[in-house]
Amino acid sequence: DTAVSQTPKYLVTQMGNDKSIKCEQNLGHDTMYWYKQDSKKFLKIMFSYNNKELIINETVPNRFSPKSPDKAHLNLHINSLELGDSAVYFCASSRLGQGSGEQYFGPGTRLTVT
Amino acid sequence: GQQVMQIPQYQHVQEGEDFTTYCNSSTTLSNIQWYKQRPGGHPVFLIQLVKSGEVKKQKRLTFQFGEAKKNSSLHITATQTTDVGTYFCAGAFGNEKLTFGTGTRLTIIP
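Residue numbers (our numbering), protein chains in the order written: chain E, 2 to 115; chain H, 1055 to 1164.
Written out as structure tokens, the structure is:
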């Protein structure tokens, strides 16, 4: 059974489009995250939700909007996509709050903006 | 903001040689975690260190947390081709978010 799943795995789209990435975890964790990994492999947190409540909102353009319909799901919607948004986006979850316990990562969504 | 620096950025070793990656923070960490990301894969949790001076081993991997809780290292003895990947440390500052280091990409020459 997949613990943290993301869809789609690959996403190729043109500049200016709007797209969404979905994430689901079946681990019963309260905290979920979105990370962005650029071409140099730097892994940066974007958002953190705890039990559907936004906890961390890093310096991310407001074109990125997370939504957590329930504590098992955390989706990421991106408006007006730009070339610089091309990256791998990872969803993750943890039982404890941020910084306190191991995080389980999803397989990633490779976004390519042309 | 808080940063976690990791060196080296790249490391190429012959199979069977040892490998070490180092992680440094300018401020005290509440804990440090280590993750491994295989090529094309996602980060996978390896271990968490919490106590000052803590040393933990997992088979050929040895993890250390500095006395001042500002630095950490991961040492792999006698590397194998399965060790290939990028190793990340991730430092926690209090109860705040986990800040990932820049990663060390390990390649093995058979």
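Here a beta-carbon is modelled for each residue, glycine too, at the ideal position from N, C-alpha and C. In this text the structure is predicted, and so the values were computed from the model without any measurement.
- The DSSP assignment places 54 to 58, 65 to 71, 74 to 79 and 88 to 95 as complete runs of the beta strand (DSSP E) inside the stretch 53 to 111 of chain E, in order along the chain (cut-off: 3 residues).
- Of the residues assessed, Val-114 of chain E falls on the buried side of the cut-off, its CB having 16 or more other CB atoms within 10 angstroms.
- When the beta-carbon positions are compared, Ile-1086 of chain H and Ala-1132 of chain H stay at least 8 angstroms from each other.
- Within chain H, the C-beta atoms nearer than 7 angstroms to that of Glu-103 of chain E come from Gln-1087, Phe-1099 and Gln-1102, in chain order.
- Proximity of chain E to Ala-1146 of chain H at the Cβ level (cut-off 9 angstroms) is accounted for by Gln-99, Gly-100 and Ser-101, in chain order.
- Collapsing the DSSP output to three states places Thr-1161 of chain H in a strand.
- DSSP places Thr-8 of chain E in the strand class (E or B) of the three-state scheme.
- Taking the beta carbon of Ser-1084 of chain H as reference, the chain E residues within 9 angstroms of it are Gly-100 and Ser-101, listed in sequence order.
- Rounded to whole angstroms, Leu-1100 of chain H and Phe-1147 of chain H show a C-alpha spacing of 19 angstroms.
- Residues of the stretch 1116 to 1128 of chain H whose Cβ lies closer than 9 angstroms to any Cβ of chain E: none.
- In the three-state reduction of the DSSP assignment, Thr-1082 of chain H falls in the coil class.
- Interface criterion met: the Cβ of Lys-42 of chain E is under 8 angstroms from a Cβ in chain H.
- The CB of His-1096 of chain H comes closer than 7 angstroms to the CB of Phe-91, Phe-106, Gly-107, Pro-108 and Gly-109 in chain E, given here in chain order.
- What Phe-1142 of chain H touches in chain E, judged by beta-carbon distance under 9 angstroms, is Lys-42 and Leu-44, going in chain order.
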